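Peer 1: Let me give you the structure first, and then I'll get to my questions.
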Amino acid sequence: MSGRIIAVDVLLIVSFGGPEGPDDVVPFLENVTRGRGIPRERLAEVGAHYSHFGGVSPINEINRSLVARVRTALAERDEQMPVLWGNRNWDPYLADALRQARDLGATRVFVLLTAAYSSYSGCRQYRENLHDALLAVQGDGRDWFPEVHKLRTYFNHRGFIDAMVDSTRASLADLPPDSRLVFTTHSIPTADADRCDYVDQHRDAAATIAGALGRGDDWDLVYQSRSGAPHVPWLEPDISDHLVDLAEAGTPGVAVVPIGFVSDHMEVIWDLDTVAAQTAREIGLPFARAATAGADPRFVAMVADLLEESRAAAEGRVRIPSPTAGTLGARAVPCAPGCCPNPRGPRPALCGSD
Numbered sequence: 021m022s023g024r025i026i027a028v029d030v031l032l033i034v035s036f037g038g039p040e041g042p043d044d045v046v047p048f049l050e051n052v053t054r055g056r057g058i059p060r061e062r063l064a065e066v067g068a069h070y071s072h073f074g075g076v077s078p079i080n081e082i083n084r085s086l087v088a089r090v091r092t093a094l095a096e097r098d099e100q101m102p103v104l105w106g107n108r109n110w111d112p113y114l115a116d117a118l119r120q121a122r123d124l125g126a127t128r129v130f131v132l133l134t135a136a137y138s139s140y141s142g143c144r145q146y147r148e149n150l151h152d153a154l155l156a157v158q159g160d161g162r163d164w165f166p167e168v169h170k171l172r173t174y175f176n177h178r179g180f181i182d183a184m185v186d187s188t189r190a191s192l193a194d195l196p197p198d199s200r201l202v203f204t205t206h207s208i209p210t211a212d213a214d215r216c217d218y219v220d221q222h223r224d225a226a227a228t229i230a231g232a233l234g235r236g237d238d239w240d241l242v243y244q245s246r247s248g249a250p251h252v253p254w255l256e257p258d259i260s261d262h263l264v265d266l267a268e269a270g271t272p273g274v275a276v277v278p279i280g281f282v283s284d285h286m287e288v289i290w291d292l293d294t295v296a297a298q299t300a301r302e303i304g305l306p307f308a309r310a311a312t313a314g315a316d317p318r319f320v321a322m323v324a325d326l327l328e329e330s331r332a333a334a335e336g337r338v339r340i341p342s343p344t345a346g347t348l349g350a351r352a353v354p355c356a357p358g359c360c361p362n363p364r365g366p367r368p369a370l371c372g373s374d
């Protein structure tokens, strides 16, 4: 008589990572930029941003909080699944998180990326990182061959969108009437954007949020945090340049909505709360920044919903996808062949059809 194999599941939250003290900053940036030929002097210059915050990025503490909240949300659904966390660029590293999963006896690893949109750096690169980390863990000499399932892209999940609608509404409360909505996200090279629907996804999310607030087409999508070589075209306009244009056009105020970011990490607290806010003060433009979605209970509930959706698919059960907003619908999982390709050529990646 053969016994049925019981699946042992874990949820792994995969993120970017960030330094947690002054001595971490340059080594962290070296991890981020490895292989790109960026001089150490330039890394020190970028690292100066972190010095304004004691050399600490908020992203790790945010992820610790997210892990705890998701554990609580799952427990409230009578689910005691372990929730782990691993980073691409800093401790706790992804391979170490997978070793934790192995030591727990996991047979299935469900992965939430802390990036809501499709792009090379926001999806496929993490899938490549998962492949490399799993290979490293298997190199320890212990057989472990889990299934790995990525939760679907969630830029248009109601838990994310509804949280952003309310935070955008709150940001408008203290601004003059007819202030403009400016949605912002991380710029990427235009060549990368042409290979995926990164811009379409952001425009769909922005239009959905603006529509829920009765704003119609009264909004803009802009970009920030460019980090590439000056001769390489990246998505524009830059947010600070756009604020100047709005002030010159007589715009009474601006609500900046960071829809490209799940939580208040460095690109938000430096590039928006520090640099963009200073630009607005200098040009006399009333400015407010909407909160990100990551701490909202609806976002945490979304993670639990997407996990159940992914488990059902892994087990061949029929489950209606959790609700989406906008016009683009739920994104396919596993990722389609060739989606968000590596600009430097193909590399092995998990959780894809190719």
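Under this note's numbering, the first residue of the sequence shown carries the number 21, and numbering increases by one thereafter. Glycine included, each C-beta is placed from N, C-alpha and C at the ideal position. As the structure is a computational prediction, the values presented were derived from the model and not from experiment.
Identify whether LEU150 lies in helix, strand or coil by the three-state DSSP scheme.
Peer 2: helix
Peer 1: Rounded C-beta distance between ASP217 and PRO363? I'm assuming under 8 Å.
Peer 2: Incorrect: roughly 16 Å between the Cβ atoms, too far for contact.
Peer 1: Among the residues of its own chain, which have a CB less than 6 Å from the CB of ILE259, if the five just before and after it don't count?
Peer 2: THR204, VAL242, GLN244 and ALA296
Peer 1: If I follow the unbroken alpha helix (DSSP H) through ASP224, where does it start and stop?
Peer 2: That run of the alpha helix (DSSP H) goes 218-232.
Peer 1: So what does DSSP say about GLY236, is it helix, strand or coil?
Peer 2: coil
Peer 1: With burial defined as no fewer than 16 other Cβ atoms inside 10 Å of the residue's Cβ, what is the status of THR228: buried or exposed?
Peer 2: buried
Peer 1: Would you mind reading off the limits of the alpha helix (DSSP H) that contains LEU124?
Peer 2: Taken as a continuous stretch (DSSP letters only), LEU124 belongs to no alpha helix (DSSP H), as it is neither H nor E.
Peer 1: Going by DSSP, what residues sit across from ASP29 in a beta bridge?
Peer 2: ARG128
Peer 1: With a threshold of 16 other CB atoms inside 10 Å of the CB of GLY346, please say whether the residue is buried or exposed.
Peer 2: By the 10 Å Cβ count, GLY346 comes out buried.
Peer 1: Let me see if you follow: with CB-CB separation under 8 Å, is VAL338 close to chain D or not?
Peer 2: Among the protein chains of the structure shown there is no chain D, as only one such chain exists.
Peer 1: Residue range of the alpha helix (DSSP H) that GLY179 falls in?
Peer 2: 178-192
Peer 1: Does the beta-carbon of LEU150 have 16 or more other beta-carbons within 10 angstroms, so that it is buried, or is it exposed?
Peer 2: buried
Peer 1: Taking C-alpha atoms, which residue in HIS285, MET286, PHE307 and VAL282 lies nearest to VAL264?
Peer 2: PHE307
Peer 1: List the DSSP bridge partners of TRP105.
Peer 2: ILE33
Peer 1: Rounded to the nearest angstrom, what separates GLY55 and ARG108 at their Cα positions?
Peer 2: 15 Å
Peer 1: Do VAL277 and THR188 count as a contact pair if the criterion is CB distance below 8 Å?
Peer 2: In this structure, VAL277 lies closer than 8 Å to THR188 by Cβ.
Peer 1: Quick check: what's the CA-CA separation for ARG91 versus ALA324?
Peer 2: 9 Å
Peer 1: Check the C-beta distance from SER35 over to TRP105 and give it rounded, since I have them as a contact under 8 Å.
Peer 2: Yes, SER35 and TRP105 are in contact; Cβ-Cβ is about 7 Å, under 8 Å.
Peer 1: Buried or exposed: ARG144, going by 16 or more other Cβ atoms within 10 Å of its Cβ?
Peer 2: So ARG144 counts as buried.
Peer 1: In three-state terms, what does DSSP make of PHE319?
Peer 2: helix
Peer 1: What is the rounded straight-line gap between the Cα of ARG331 and the Cα of GLN158?
Peer 2: 24 Å
Peer 1: What are the partner residues of GLY372, as DSSP defines its beta bridges?
Peer 2: CYS355
Peer 1: How would you write the range of the alpha helix (DSSP H) that ARG339 sits in, first residue to last?
Peer 2: Here ARG339 belongs to no alpha helix (DSSP H), and DSSP marks it neither H nor E.
Peer 1: Quick check on GLU335: buried or exposed, where buried means 16 or more other Cβ atoms within 10 Å of its Cβ?
Peer 2: Flag for GLU335 reads exposed.
Peer 1: In the DSSP assignment, what residue or residues form a beta bridge with TRP110?
Peer 2: None, per the DSSP bridge assignment.
Peer 1: Are ALA356 and SER342 closer than 8 Å when you measure CB to CB?
Peer 2: No, the pair does not count as a contact, with Cβ atoms beyond the cut-off.
Peer 1: By how many angstroms is the C-alpha of ARG339 removed from the C-alpha of ASP284?
Peer 2: 33 Å
Peer 1: Kindly list the residues whose CB is nearer than 8 Å to the CB of GLU329, restricted to its own chain and excluding five residues on each side of it in sequence; keep chain order.
Peer 2: LEU171, ARG172, ARG339, PRO341 and SER342
Peer 1: Could you tell me which residues DSSP pairs with TYR243 in its beta bridges?
Peer 2: THR205 and ASP258
Peer 1: What number of angstroms, rounded off, separates the C-alpha of TYR113 from the C-alpha of ALA232?
Peer 2: 39 Å
Peer 1: Would you say the stretch 56-71 touches the stretch 128-147, given that touching needs at least three Cβ pairs under 8 Å?
Peer 2: no
Peer 1: Below 7 Å CB to CB, which residues in the same chain sit around PHE180 once its five sequence neighbours on both sides are set aside?
Peer 2: ALA136, TYR174, ALA313, PHE319 and MET322
Peer 1: According to the Cβ coordinates, are LEU201 and ALA300 closer than 8 Å?
Peer 2: no
Peer 1: Within 10 angstroms of the Cβ of ALA269, are there 16 or more other Cβ atoms? Answer buried if so, exposed if not.
Peer 2: exposed
Peer 1: Three-state secondary structure (DSSP) at PHE48?
Peer 2: Helix, per DSSP.
Peer 1: Checking 8 Å against the spacing of the C-beta atoms, do LEU348 and GLN221 come in under that value?
Peer 2: yes
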